[in-house]
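For the sequence shown, this note's numbering begins at 453 and goes up steadily by one.
Positions of the beta carbon are idealized from the N, C-alpha and C atoms, including for glycine.
As the structure is a prediction and not an experimental result, all values here were calculated from the model.
Accompanying notes for the structure given below.
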Amino acid sequence: MVHSTQGLKRTVGLLCLSLCTLPTLTHAQQTETITRKGYTLEYTNKAPDFDTAVGKRLIEAFFVVYPKEAARYNKKTAKKVTFVIDPAYDGVAATSGDVVTFNPAWFRSHPGDIDVVTHEAMHIVQAYPHRAGPGWITEGIADYVRNEMGVDNAGAKWALPEFNEKQHYTQSYRITARFLLWIEKHKNKNIVRKLDSSMREKKYTAEIWKELTGSTLDELWKEYAANPAI
């Protein structure tokens with residue numbers, strides 16, 4: 453009888469401990485689901501000290517830019533996207549499938565860099581299959597779209613860089629984005645859409661540049677380097 457009472461006390465104590473820790477776990481990971489105009493965002497915050505104002509701006513940016521990106525580039529893109537604020541991730545942001553992971557530490561030091569959302573959301577829209585084409589095109593298009601559709605690039609002091617002779621189109625991101633913008637303005641206004649669809653359909657080849665512009669990729673870069681004005 454004594455042993456049974458002690459066992460009961462131990463069970464009650466463990467139950468109390470579990471219940472007492474439950475609110476802490478709930479507070480540490482908050483998830484909300486928002487649906488607007490056919491698109492759903494599941495937003496999970498694993499960082500209790502993450503600035504809620506920044507979080508709201510990330511959410512708002514998604515609902516501004518993602519429908520535009522989808523309309524222009526891929527109407528069949530995912531209707532549900534997940535954002536995760538994860539202190540265990542040490543990059544800036546990364547996209548895998550329909551999930552974007554953000555580093556809260558980055559936004560503590562760069563609270564205005566909201567258009568990370570624009571770049572990462574475009575990766576979801578791109579939905580390129582494995583080995584669809586060069587990675588520098590993937591990242592270059594995403595930064596091109598950030599430049600065109602960003603909600604507050606100025607607030608992040610983010611802009612396409614001026615050309616210099618040390619650059620090369622394979623350096624990706626903003627350098628490639630500016631090159632694509634130059635081609636769009638001087639050679640083919642649909643270059644980015646055509647590249648994007650060719651990558652998604654796994655039809656990209658090096659010949660596409662000549663097909664779309666009349667010049668090879670290296671010829672285009674040489675011409676761009678000689679007169680990079682946009």
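Does residue i come out as helix, strand or coil in the three-state DSSP assignment?
i	result
Ile-643	helix
Val-568	helix
Thr-529	coil
Ala-546	strand
Leu-477	Any reading at Leu-477 is ruled out, since the residue's pLDDT is 37, under 50, leaving its predicted position unreliable.
Val-603	coil
Phe-514	helix
Thr-668	coil
Thr-553	strand
Phe-631	helix
Ile-593	helix
Lys-637	helix
Glu-659	coil
Gly-459	Confidence in Gly-459 is poor, its pLDDT being 45 and thus under 50, which makes the residue's placement unreliable; the coordinate value appears in the next sentence. Of the three classes helix, strand and coil, the one that applies to Gly-459 here is helix, per DSSP.
Is it buried or exposed for residue i, if we count other Cβ within 10 angstroms and need 16 for buried?
i	result
His-620	exposed
Asn-555	buried
His-479	With a pLDDT of only 46 at His-479, under the threshold of 50, the placement of this residue in the model should not be trusted; the figure read from the coordinates follows. Its Cβ having fewer than 16 others within 10 Å, His-479 is exposed.
Ile-537	buried
Lys-461	Caution applies to Lys-461, whose pLDDT of 43 falls short of 50 and renders its modelled position unreliable; the value that the coordinates give is listed next. Classification for Lys-461: exposed.
Kindly identify the DSSP beta-bridge partner or partners of residue i.
i	result
Tyr-491	Arg-488
Ser-624	Beta-bridge pairing links Ser-624 to no other residue.
Asn-497	Gln-482 and Ile-537
Which whole-angstrom value is the C-beta distance of residue i and residue j, which I expect to be below 8 Å?
i	j	result
Pro-563	Val-506	5 Å
Ile-589	Val-533	Contact flag wrong, Cβ pair sits at about 22 Å.
Inter-stretch contact at 8 Å, needing at least 3 Cβ pairs: the region 604-615 / the region 655-674: No: fewer than three Cβ pairs fall under 8 Å.
At least 3 beta-carbon pairs within less than 8 Å: the region 491-508 vs the region 623-635: These segments do not touch.
Meets three-Cβ-pair contact criterion under 8 Å: the region 583-603 and the region 517-526: By the Cβ test, the region 583-603 is in contact with the region 517-526, since at least three Cβ pairs between them sit closer than 8 Å.
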